Structure formats: structure tokens, C-alpha cells
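Step one of this worksheet: look at the structure below.
Number of protein chains: 2
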Amino acid sequence: MKFDSLLNELENEITQIRGYYPVETFYDPIHYVLGLKGKRIRPLLVVLSSMTLNGRKEDAFNVAAAVELLHNFTLVHDDIMDRDDTRRGKLTVHKKWNINTAILAGDGLMGFAFQKLLESPIGPIRKMAKRFTESMIIICEGQGLDKEFENKQIVPLDAYLDMIYRKTASLIELSCELGGLVAGGRARQVKLLRQFGLSLGMAFQIQDDLLDIMAEEETLGKNIGSDLLMHKQTILTILLSEKYKGPDIFKMELMEFKKALNDNGILQSVREIYLGHFIKAMDCLEQLPKNDGREGLKDLCKMIKNREK
Amino acid sequence: MKFDSLLNELENEITQIRGYYPVETFYDPIHYVLGLKGKRIRPLLVVLSSMTLNGRKEDAFNVAAAVELLHNFTLVHDDIMDRDDTRRGKLTVHKKWNINTAILAGDGLMGFAFQKLLESPIGPIRKMAKRFTESMIIICEGQGLDKEFENKQIVPLDAYLDMIYRKTASLIELSCELGGLVAGGRARQVKLLRQFGLSLGMAFQIQDDLLDIMAEEETLGKNIGSDLLMHKQTILTILLSEKYKGPDIFKMELMEFKKALNDNGILQSVREIYLGHFIKAMDCLEQLPKNDGREGLKDLCKMIKNREK
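Following this line, the structure appears as C-alpha cells:
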């Protein structure tokens, strides 16, 4: 695969965290989580964004690892809150160990995220750390909103889009922006990278909503239809509830839900919204310097578009 | 009280956190925790340490608030793990709301801690942020060790002292060190402040172990003997288990436990260890410039020594 060599280097950086004292119940789950690998989209975005603005890829590795550790912190804590038993086809930390262990492991991942960020050999460190912190808080806000929406029958589309911006897109936006900052890019170009990340992030989450009901269970690594089962509002339930006047959507079986989506043209609308964000992202790329970094970003976008999980 | 005016200013800084979007279930518990006040010993240490090295007190406010927010983050998550129902005489977050809300509120407090730190108007920001991050990880290690000790019948004294260094003393050490750094103090003087904080922190935790069984319930704000009940190893159980050859210490009633401590001279030994650390802390202060800051630190030490909770 195209990014194999870069991914190997990143894997090395991500898993090399520097603790101060051997505490099994703290470090075992942290290494377990990092060993689950995952797609590493965010660190790839950092490095490729940096290369787009002519940064040396090695100089972006610390920041790339930082973003991935931040992402993993949110996964561990979110899995507790969402009562998810599996992640990437393996048991979640709170299932394999217990909730206490998962809380602490998540906290640790957050700490190591900052550790990595502050080890960046270049870039405007205070600005980068401020944006990193801001995004971390915004992600917490997004998770809070997401949990609040579970108890609501009706969520306006705007509120939902705002939630997914916070919970998902903001970190992808941050990854691209930090890549630009670490490369010492000009404000206008860093802003373009940021806009690229934001649009890609929105597309990514909307695609996630689709995958949750359309993917193959074995490929997805978790149960199909888990959002519906968990009463999670997604763009699908929100658009459907605007059109559909039958009984409670969340009481539907998965097959019935899919049929209602089809009958009401929701799948079509959601795919259009998704593509709209995707095209915006590609437009931003066109305005950036044409080089290996930008080609890498384009390839990554294609891979994201074709993903099945 | 001596620090009333300074505490008011600090309170203002600590409670003024800057969010990005109104999310009730996220911000209500955060403001609740910060509203519980607490003794604010750590932010006082930051400001007074800074003043000792001739820093302007206002310049240390952001860092002081950062340290207190970091402390509150650990309290919220530790209370979940320790199943503590009350804190400072009020319900803990996970009792007043639920575990999910408390996990997220703790995460948020961590984010706002970094936000405050990065707003510091002066000081070597990367170094300060690195030490802040390092301490945050060390505190997690300490909490991990603490939980591990609960499942052990025998914990060596050295291991215990290492745990309380991590869980408690390291943050007090950090507070004093950051105060010195923000004041732009020389390495030797910052080191003295750090040593002062370390010794004071060790004294503080050993005193806490004593207070858990010796304090008045109403004054302490939580149940007396809760450590013993929770099978928490403290310096008391560790020293007692070295001397006492009777049945399981953790099966003792509180009265019985107190009698065994007295009969075996443990209370006396622990008070001596406590005083040893305390005297070391005061020795460090003697080597620092004689000014209002240092006098403030001495007064604060006296207050800590006389505390009943």
C-alpha cells in the first residue's frame, strides 16, 4: 500500500511513549490500545499536510503521534460512555479490564499526547499547544452534545452538524492545520489546510453514519446498526424524522430502518451532503502547492472515500 | 484570614474558564466542582513561590489556576475509581450526575488546565508545559499504583512512599517549581523551591493518612476511616503490618485499628516521619530570599500543619 513505509515510521513514533515508572495496570492497557493500530488517518494527515507546505516529514512525526494519541484518548473514554464492547474487532479497554482502568488509561493517553506535542523539534510551540488544547476541549463538548442528543427525540440538523464538527471533524481539521504550522507555512496556506481538514472531517463522519448501517459486520469490526440500537442520533435518523411520520424510528428493526431510508430518499440526500463536503475538501487541495505532499493527501482522500470501515 | 484577598483573586481566575459552545451536561459539573472551592493550597503555593523569587503575583495567576484545575481533574476521576460519594461535604460528580458525566467533566478540567497554563503571560512556556505534562503523567502512575496496592496484603514502605510522591507530592512540587519558573528565577533557586514543594507534599500526604482516622467527621467533610474501609494501604497500615502479627488489619473495626496503632507505637513513628519532611521543607525556605513571598509560604506551612481536614 502506498503509505506503508510512512505508516511504519509513524507506528514507531506513536507506540514509543516515555513513562516514568513501571505501573502494569496503567501501561498495559495503554500499549494494548496503541497496539490495535487503527487506520492512522490523522497522523498521516499531519505529515502529508506538512510536506505540502515543504516541511521535512521527520519534523512532523512528534506532532503526528500527538494527534493520534489524543484520538486514542477520546476512543477509550467514549467507549466507556457509549458502552461499546469492541473496537477494531477487539475488546475495548473497559471490557478487557474494567472502567477504572479505562478511565486512567485514557487520562494517560492524553498526557502522552501532550508529551509528544511538546517534543516537536520545530514550529510555533505555544500556538500549536493552544490549538491542540482548544481542540481537545471542543472534542469533549462534542461528546457531551452527542450524549445529550441520545435523550432527545428531535435534534435539528444544524445542531447535529455542529456536534459532529466538534466530536470528529475538529480533530481532522487540527491535524491538517498542525501539519501546516509545523512546516512553518504562511497563514493563508495553513488556513487552506485547515479548511481542507474541516471539510474532510465532516465528510468522514457523515460517511461513518452511513457505514454504521451499510457496511459488512466483519469488515466494520463492530456490530452493524449499533448507532440505531444505542438511540444515537445520526444524520440518517435526523433527516428521516423530518420526513417520516410513522412510529418511533428508534423502535425500528435495522431492515425496516433501511427500507424507510430508501423509501424517503434519505440515503440519496445524505450521500449528496457527504459528497458536497468531500468536493469542498478537494477544492482546497487544488489551491495548495503541487507536490508529493499534496499528491499524498489526494491519495489518502481517495482511500477514505473507498473505505469500508 | 491572611490570604483572603489573594484567595479571592485566585478564585476569580480559577472559575473563569473559557468554553467554546454551551453544553450543559459538560459545563454544569465543571462549574459545580470548581464551586466546591477547597483549600486552594496549590495555587497559593504557585503565587507565593513566584513572589519569593520576586515575580509579580498577577503574572502567576494563570499558572496557579492551571495547577488547581489539574488537581480538580484528578479529584473527579479518582472519586469515580475510589467510589467516594462525597468530597468537601458535597456529593461527588459521579454521584450527583453519573459516571459518564464525571469522566467527561474530568477530561474537560484537564483541557482547561492546559488552556490556563498556555495563557501565562511570562515564563519559559515550553519548559513549563513539559513539566506540567510530566507531572500529569506521574500523577496517573501514582493513581495506578494506589489502586494496585488495594489488592495487595503487603506493600513495602519504599513502594508506598514512591506512590504518594507520585499521587500527591509531585503536584505540590510542581506548583512551587512553576512559581519559580514563571518568576524567571535562577536554576538554583527554582530547585530549592522544588525541593521545598516535594518535602511539603510528602508531609501533606502523610498528614492526610493520619487525618483520615484522627479527624472529626464533620470537619473532614467525608467519612472517618474511609481508607481502612476501602482497603487502602496507608503509611499506618504498612507500618502496622510490619509489627503486628494478629489477624487481617483490613478486617479491624476503626477503634480496634486505632488501638493497635497506639499499642505498637505507629502513631508516634508516623508523626516523626511527617515532621521530618516538614522540617526539610522549612530548611529549604530558609535558603531562599527573605521577603513577603517567603513569609507567605511560611504562614501557609503553618496553616497546613494545623489543618484539621
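So the protein sequences, as listed, match chains A and B. Mapping of the first sequence onto my numbering: position 289 corresponds to residue 275, and the numbering continues sequentially without gaps. Mapping of the second sequence onto my numbering: position 289 corresponds to residue 275, and the numbering continues sequentially without gaps. From the three backbone atoms N, C-alpha and C, an ideal C-beta is built for every residue, glycine too. Every value quoted in this text rests on a predicted model; they were computed, and no experiment measured them.
If you check the beta carbons only, do residue i and residue j fall under 8 angstroms apart?
i: Lys39/A; j: Gly183/A; result: At residue 39/A the sequence reads Leu, which differs from the Lys that was named. Contact: no.
i: Phe12/A; j: Glu44/B; result: no
i: Asn303/A; j: Leu90/A; result: In the structure as shown, chain A begins at -13 and stops at 295. Residue 303/A is therefore absent and cannot be evaluated.
i: Lys133/A; j: Met67/A; result: yes
i: Leu56/A; j: Ala99/A; result: yes
i: Leu214/B; j: Ile252/B; result: no
i: Ala46/B; j: Val33/B; result: yes
i: Asp65/A; j: Gln129/A; result: no
i: Lys284/B; j: Leu274/B; result: no
i: Gly211/A; j: Leu240/A; result: yes
i: Leu164/A; j: Val53/A; result: yes
i: Gly187/A; j: Ala145/A; result: no
i: Thr72/B; j: Pro15/B; result: no
i: Thr60/B; j: Ile125/B; result: yes
i: Ser161/A; j: Arg74/A; result: no
i: Ala189/B; j: Ala267/B; result: yes
i: Leu104/B; j: Lys81/A; result: no
Please report the distance separating the alpha-carbon of residue i from that of residue j.
i: Ala51/A; j: Arg112/A; result: 18 angstroms
i: Ile150/A; j: Gly5/B; result: 17 angstroms
i: Asn48/B; j: Asp234/A; result: 49 angstroms
i: Pro107/B; j: Asp93/B; result: 25 angstroms
i: Met238/A; j: Asn250/A; result: 15 angstroms
i: Tyr18/A; j: Val79/A; result: 8 angstroms
i: Glu(-1)/B; j: Glu(-1)/A; result: 37 angstroms
i: Glu281/A; j: Phe118/A; result: 26 angstroms
i: Ser185/B; j: Tyr230/B; result: 29 angstroms
i: Glu228/A; j: Asn(-6)/A; result: 46 angstroms
i: Ile3/A; j: Met114/A; result: 20 angstroms
i: Lys218/A; j: Leu22/A; result: 25 angstroms
i: Ala296/B; j: Asp195/B; result: Only positions -13 to 295 of chain B appear in the structure, and residue 296/B is not among them; the question remains open.
i: Asn137/A; j: Glu242/A; result: 22 angstroms
i: Gly279/B; j: Ser36/B; result: 7 angstroms
i: Arg257/A; j: Phe264/A; result: 10 angstroms
i: Thr220/B; j: Gln254/B; result: 15 angstroms
i: Cys287/A; j: Gly24/A; result: 16 angstroms
i: Asn277/B; j: Asp70/B; result: 41 angstroms
i: Phe236/A; j: Lys76/A; result: 27 angstroms
i: Lys(-12)/A; j: Pro142/B; result: 53 angstroms
i: Gln175/A; j: Met289/A; result: 24 angstroms
i: Leu131/A; j: Gly262/B; result: 50 angstroms
i: Lys245/A; j: Phe135/A; result: 24 angstroms
i: Ile259/A; j: Asp148/A; result: 14 angstroms
i: Gly232/B; j: Ile85/B; result: 38 angstroms
i: Thr1/A; j: Ile123/B; result: 16 angstroms
Would residue i be called buried (16 or more neighbouring beta carbons within 10 Å of its own) or exposed?
i: Ala173/B; result: exposed
i: Asp198/A; result: buried
i: Lys153/A; result: buried
i: Gln101/A; result: buried
i: Asn292/A; result: exposed
i: Ser(-9)/A; result: exposed
i: Gly171/A; result: buried
i: Asp269/B; result: exposed
i: Pro110/B; result: exposed
i: Ile192/A; result: buried
i: Pro8/A; result: exposed
i: Gly41/B; result: buried
i: Arg26/A; result: buried
i: Gly97/A; result: buried
i: Leu222/A; result: buried
i: Ile224/B; result: buried
i: Ile140/B; result: exposed
Is the CB of residue i under 8 angstroms away from at least one CB in chain D?
i: Ala115/B; result: The structure shown has no chain D; the protein chains it does contain are A and B.
Could you list the residues in the stretch 183 to 199 of chain A with a C-beta less than 9 angstroms from some C-beta on chain B, going in chain order? none
At 4 residues or longer, and completely inside the stretch 223 to 285 of chain B: list those alpha helix (DSSP H) runs for me, N to C. 240 to 249, 252 to 272
Output, in sequence order along the chain, the residues in the stretch 90 to 108 of chain A whose CB is closer than 8 angstroms to any CB in chain B. Leu90, Gly92, Asp93, Gly94, Met96, Gly97, Phe98, Phe100, Gln101, Leu104
Got a sec: which bits of the stretch 121 to 144 of chain B sit with their beta carbon under 7 angstroms from any beta carbon on chain A, in order along the chain? Met122, Ile123, Ile124, Cys126, Glu127, Gln129, Gly130, Leu131, Lys133, Glu134
If you measure beta-carbon to beta-carbon, which residues of the stretch 7 to 39 of chain A are closer than 7 angstroms to chain B? Tyr7, Val9, Thr11, Phe12
Along the stretch 40 to 70 of chain B, what residues have a CB closer than 7 angstroms to any CB found in chain A? His63, Ile66, Met67
Could I get the ranges of all uninterrupted alpha helix (DSSP H) runs contained in the stretch -13 to 18 of chain B, with 4 residues as the minimum, in chain order? -10 to 1
Ordered list of alpha helix (DSSP H) runs contained in the stretch 62 to 90 of chain B, each at least 4 residues: 79 to 82
Fully enclosed by the stretch 83 to 158 of chain A, which alpha helix (DSSP H) runs are 4 residues long or longer? 85 to 104, 111 to 136, 143 to 150
Note down, in chain order, all residues in the stretch 148 to 167 of chain A with a beta-carbon under 8 angstroms from any beta-carbon belonging to chain B. Asp148, Arg152
When Cβ atoms are compared, which residues of the stretch -5 to 6 of chain A fall closer than 8 angstroms to chain B? Gly5, Tyr6
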